[in-house]
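Engineer:
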Amino acid sequence: MRALVLCVVAVRVAADPLDQWTLRNPLPTGNALYGVAYATNRLVVVGAAGTVLTSSDGSAWTNCVTGVTNGLYGIAYGNNQFIAVGSAGMLLISPDGNIWSGFNSGIAADLTAIAFGNGQFVAVGGNGTAVITPTSIAWTSRVAVTPSTFNGVAFGTNQFVVVGTAGVILTSPDGALWSKQTSSITTDLMAVLYANNQFVAVGAGGVVLTSPDGVTWTRRDSGVASMNLAGAAYADGHYVVVGTPSLGAPPVAAATLTSADGITWTNQPGASFNAVGFGANRFVAVGDHGGLATSPEGVTWTGHGPATTSGLAGAAFGNNSFVVVGEDAAIVTSLDGVTWTNRVLAAAGESLASVVWAANRFVAVGDAGAIVTSPDGVTWSNRVSGATNALTAITYGGNQFVAVGERATILTSADGAMWTLQKPGFTNGTARGVAYGRGQFVVVADPGSVWTSPDGVTWTVGSSGTSNALDAIAYGASQFVAVGGSGAILTSSDGVTWTNRESGTAAALTGIAYGGGEFVAVGDSGTVLTSPDGSSWTNRVSGTASPLVCVTFGRNSFLAAGPSGVILQSGTLLVAPPVLGPVQLLSSGAAQVTVTGLAGQVCFIEVSADLLSWVALPNLVLTNGSAQFEDSGATDSPARFYRAAAVPPPG
Numbered sequence: 002m003r004a005l006v007l008c009v010v011a012v013r014v015a016a017d018p019l020d021q022w023t024l025r026n027p028l029p030t031g032n033a034l035y036g037v038a039y040a041t042n043r044l045v046v047v048g049a050a051g052t053v054l055t056s057s058d059g060s061a062w063t064n065c066v067t068g069v070t071n072g073l074y075g076i077a078y079g080n081n082q083f084i085a086v087g088s089a090g091m092l093l094i095s096p097d098g099n100i101w102s103g104f105n106s107g108i109a110a111d112l113t114a115i116a117f118g119n120g121q122f123v124a125v126g127g128n129g130t131a132v133i134t135p136t137s138i139a140w141t142s143r144v145a146v147t148p149s150t151f152n153g154v155a156f157g158t159n160q161f162v163v164v165g166t167a168g169v170i171l172t173s174p175d176g177a178l179w180s181k182q183t184s185s186i187t188t189d190l191m192a193v194l195y196a197n198n199q200f201v202a203v204g205a206g207g208v209v210l211t212s213p214d215g216v217t218w219t220r221r222d223s224g225v226a227s228m229n230l231a232g233a234a235y236a237d238g239h240y241v242v243v244g245t246p247s248l249g250a251p252p253v254a255a256a257t258l259t260s261a262d263g264i265t266w267t268n269q270p271g272a273s274f275n276a277v278g279f280g281a282n283r284f285v286a287v288g289d290h291g292g293l294a295t296s297p298e299g300v301t302w303t304g305h306g307p308a309t310t311s312g313l314a315g316a317a318f319g320n321n322s323f324v325v326v327g328e329d330a331a332i333v334t335s336l337d338g339v340t341w342t343n344r345v346l347a348a349a350g351e352s353l354a355s356v357v358w359a360a361n362r363f364v365a366v367g368d369a370g371a372i373v374t375s376p377d378g379v380t381w382s383n384r385v386s387g388a389t390n391a392l393t394a395i396t397y398g399g400n401q402f403v404a405v406g407e408r409a410t411i412l413t414s415a416d417g418a419m420w421t422l423q424k425p426g427f428t429n430g431t432a433r434g435v436a437y438g439r440g441q442f443v444v445v446a447d448p449g450s451v452w453t454s455p456d457g458v459t460w461t462v463g464s465s466g467t468s469n470a471l472d473a474i475a476y477g478a479s480q481f482v483a484v485g486g487s488g489a490i491l492t493s494s495d496g497v498t499w500t501n502r503e504s505g506t507a508a509a510l511t512g513i514a515y516g517g518g519e520f521v522a523v524g525d526s527g528t529v530l531t532s533p534d535g536s537s538w539t540n541r542v543s544g545t546a547s548p549l550v551c552v553t554f555g556r557n558s559f560l561a562a563g564p565s566g567v568i569l570q571s572g573t574l575l576v577a578p579p580v581l582g583p584v585q586l587l588s589s590g591a592a593q594v595t596v597t598g599l600a601g602q603v604c605f606i607e608v609s610a611d612l613l614s615w616v617a618l619p620n621l622v623l624t625n626g627s628a629q630f631e632d633s634g635a636t637d638s639p640a641r642f643y644r645a646a647a648v649p650p651p652g
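Going by the working numbering, the residue at position 576 of the sequence shown is 577; the numbering climbs one at a time, nothing skipped.
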């Protein structure tokens, strides 16, 4: 008689993953950036909320701690130190770009730009403010001859030149005594540069001015009247100018300008930027939402900023990839949750609210009945849904997709490509979330109502018993869990009868997912709650105050996302080992072994006749939490030993 001995091996990672959340996007920052300087083999960029970034090559950036929250608008290097200027007269000083000290300039006005020349710094700003110092610590305030706001300052031909609102241009040999010059324009000037024996000033409406001496100015044709030009740099024999599309102007592609002489300018396709500098053998342009790009010549640009800063609303994992979707058809993907790539739809699309992986494809839904599909998260196809209302959520079960949305909109599809608009028999209520489990679809909708269906066609309206808005629902551990406003959490084994659970928070909860034996709910103010059973919840520290809107599970970790492109990833979960058994001897003599574990878990199976030599069998996927394999080798063996392990996620 054969003896079948079972051995279970667990694969575990030592960590407390649900208390360890790491920001994955936006990196290196999501804050607006306004100034660039280069010295001592180091690029230094400054921006909103006290942001300072440094880099030796323009590709890898480090976020420095400054200890201030003031906006920083300009930076310069001189006397062996960097000085950054910002809101409310803020001054930051650093010998190396890494360690910063704050000083008070003695004025309340914002400082917008700074330059070094003739042994001293000159900083300028609002209300005609100019401050000077030879030491960087003791600053002297000077009153300029105009109350205009100054936006830029440069040093050349033994003088400082300042530009500002309404076309104002001032010159000074020392930063103390100022003379007003004639620009012959009334539009705002935003930046000025001295290079290649001339000053170049740029501003609103595509204005470009040049001057050999800061006194006599000539307007040049930029060819981009619909651009507000904001920054200029010079290196390797040519100028590079950047800017943003003018407010209220017809939609145009953002551009950069290049010129060999400052007179004739070439419009190069590009992105919106606030400033540009040169260092480490490349131009560096910076912009809103952490925008960072480098170029060897000002024509071809490589981005180094966040993958996206769009509001993110839905997340899924499949085909070994994370996919997150959001506003303005935003789609970002990652193989590991760490490095993200921005994907672009073939045609302009609507904002997307939810995404799911099933039937070997991603399907995302959004505003105006938008539906897009992809086999890999990279290439996307628009689908015709037949709906015009916004779609808010999607799930898969019973061999079909079900998408739901405003005004009781319900769509079904077998393949994600061809869709049928269902008529549930009611038209009131906006569906917020949908899940599938125990052979039925369950929808949570306004205000606290629940819709159930065995097939996606015939629907029954019920109640959750709460007046709180319910925003999301997930199925796991043999039950449905719904979350919503004021920290509401409800559980149900059948989708019909619901029980209120204590969440321990009053924050609105907007997303929930199940994986690795845990529910994770996310919401306002960076709220993260976890529970193994849906009943008892633990409040976790996410490390962010940003709202979190959605969450998914993949690669044994949870991924949460929200507004401004925020993406957080938990540590790797301690995955429960698969369980072997029972074993059934078939009439053929083969052994049929059942393996039980987490739904979707991939298991590595090995067999041995003597516990010394082991042979691998094909990996087994526990699609619904359990699966079986047959061992035909058991037919002629006096003893068979089996062992199973959860396969670690790739990467």
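Glycine included, C-beta positions come from ideal geometry on N, C-alpha and C.
Between G338 and L560, which are expected to be in contact by the criterion C-beta below 8 Å, what is the C-beta distance as a whole number of angstroms?
Structural biologist: Going by Cβ atoms, the distance from G338 to L560 rounds to 5 Å, so yes, they are a contact pair.
Engineer: Let me know the secondary structure DSSP gives T660 once reduced to three states.
Structural biologist: In the structure displayed, the chain extends from 2 to 652; residue 660 sits before or after that span and is not available.
Engineer: From the DSSP output, read off the bridge partner residues of M419.
Structural biologist: DSSP, once it has assigned bridges, lists no residue as partnering M419.
Engineer: Closer than 6 Å by C-beta to V242: which residues in its own chain qualify, once you throw out the five before and the five after it? Chain order, please.
Structural biologist: Excluding sequence neighbours, V242 sits near V203, L230, A233 and L258.
Engineer: What are the residues that DSSP puts in a beta bridge with L178?
Structural biologist: According to DSSP, L178 bridges with nothing at all.
Engineer: Would you say the beta carbon of I490 comes nearer than 6 Å to a heavy atom of the ligand FMN?
Structural biologist: Summarising the ligand content, the structure contains no ligands, and the ligand FMN is consequently not present.
Engineer: Could you tell me which of T636, S627 and L336 sits nearest to Q570, measuring between CA atoms?
Structural biologist: Nearest option by C-alpha distance: L336.
Engineer: Enumerate, from N- to C-terminal direction, the unbroken beta strand (DSSP E) stretches of 3 or more residues contained entirely within the region 512-553.
Structural biologist: Fully enclosed beta strand (DSSP E) runs of 3 or longer: 519-524, 529-532 and 539-541.
Engineer: Among A577, Q593 and S589, which residue has its Cα nearest to the Cα of P583?
Structural biologist: Looking at the Cα atoms, Q593 is the closest of the given residues.
Engineer: Starting from G126, follow the beta strand (DSSP E) in both directions and report where the run begins and ends.
Structural biologist: Here the beta strand (DSSP E) through G126 covers Q121 to G126.
Engineer: Compare the Cα-Cα distances from N390 to each of V164, L422 and Q21 and report the closest residue.
Structural biologist: For the residues V164, L422 and Q21, the minimum Cα distance to N390 belongs to L422.
Engineer: Identify every run of the beta strand (DSSP E) within the region 367-398, keeping only runs that are complete inside it and at least 3 residues long; order them along the chain.
Structural biologist: Qualifying beta strand (DSSP E) stretches, in chain order: 372-375, 382-384 and 392-398.
Engineer: Let me check one thing: in DSSP terms, what residues is H239 bridge-paired to?
Structural biologist: DSSP, once it has assigned bridges, lists A236 as partnering H239.
Engineer: Here's the rule: buried if 16 or more other CB atoms are within 10 angstroms of the residue's CB, otherwise exposed. What is Q629?
Structural biologist: Burial call: exposed.
Engineer: For G449, is the classification buried or exposed, using 16 other Cβ atoms within 10 angstroms of its Cβ as the cut-off for buried?
Structural biologist: By the neighbour-count rule (16 or more Cβ atoms within 10 Å), G449 is buried.
Engineer: Between T595, M228, D525 and Y240, which lies nearest to T211 when the distance is taken from Cα to Cα?
Structural biologist: Nearest option by C-alpha distance: Y240.
Engineer: Rounded to the nearest angstrom, what separates T428 and V445 at their Cα positions?
Structural biologist: If I take the Cα positions, the gap works out to 15 Å.
Engineer: Restricting to Cα atoms, I'd like to know which of F274, G120, V125 and G103 is closest to D111.
Structural biologist: Closest option to D111, Cα to Cα, is V125.
Engineer: Exposed or buried, T70, counting other C-beta atoms within 10 Å across all chains shown (16 or more means buried)?
Structural biologist: Classification of T70: exposed, given that the 10 Å Cβ count is below 16.
Engineer: Would you call the region 274-294 in contact with the region 216-223, where contact means no fewer than 3 C-beta pairs closer than 8 Å?
Structural biologist: Touching, no.
Engineer: Please classify W615: is it buried, with 16 or more other beta-carbons within 10 angstroms of its beta-carbon, or exposed?
Structural biologist: So W615 ends up on the exposed side.
Engineer: Quick check: the region 37-47 against the region 89-104, are at least 3 beta-carbon pairs closer than 8 Å?
Structural biologist: Taking 8 Å as the limit for Cβ pairs, the verdict is that the region 37-47 does touch the region 89-104.
Engineer: Between which two residues does the beta strand (DSSP E) holding A359 run?
Structural biologist: Here the beta strand (DSSP E) through A359 covers L353 to A359.
Engineer: Could you tell me the alpha carbon to alpha carbon distance between M419 and N383, rounded to whole angstroms?
Structural biologist: Spanning the two alpha carbons is a distance of roughly 11 Å.
Engineer: Contact check, S44 vs T55 under 8 Å by CB: the rounded distance?
Structural biologist: Rather than Ser, the amino acid found at residue 44 in this sequence is Leu. Indeed they touch by this definition, with Cβ atoms about 7 Å apart.
Engineer: Look at V435 and V403 and say whether their C-beta atoms are less than 7 Å apart.
Structural biologist: Yes, the pair counts as a contact, with Cβ atoms nearer than the cut-off.
Engineer: For E631, list the residues DSSP reports as bridge partners.
Structural biologist: Bridge partners of E631: Q593.
Engineer: To which residues of the same chain is G524 closer than 6 Å at the C-beta, ignoring the five residues directly before and after it?
Structural biologist: Contacts found: A508, A509, L510 and T511.
Engineer: Per the contact definition of three or more C-beta pairs closer than 8 Å, is the region 292-307 in contact with the region 354-372?
Structural biologist: Output reads no: the region 292-307 does not touch the region 354-372.
Engineer: Considering only DSSP beta bridges, list what G463 is partnered with.
Structural biologist: For G463, which the question treats as bridged, DSSP gives the partners V451.
Engineer: Using CA coordinates, which residue listed in V497, R408, T467 and L412 is at the minimum distance from G438?
Structural biologist: Per the Cα distances, V497.
Engineer: Starting from V482, follow the beta strand (DSSP E) in both directions and report where the run begins and ends.
Structural biologist: Taken as a continuous stretch (DSSP letters only), the beta strand (DSSP E) holding V482 covers Q480 to G485.
Engineer: Indicate whether A489 and A514 have their beta-carbon atoms separated by less than 7 Å.
Structural biologist: No.
Engineer: What whole-angstrom Cβ distance do T150 and N128 have, given they're in contact under 8 Å?
Structural biologist: With 8 Å as the limit, T150 and N128 qualify as a contact, their Cβ atoms being about 7 Å apart.
Engineer: Are the beta-carbon atoms of G90 and S106 separated by less than 7 Å?
Structural biologist: Cβ atoms of G90 and S106: closer than 7 Å.
Engineer: Count the other C-beta atoms from every protein chain shown that fall within 10 angstroms of the C-beta of E373, then say buried if there are 16 or more, exposed otherwise.
Structural biologist: Contrary to the premise, residue 373 reads as Val rather than Glu in this sequence. So V373 counts as buried.
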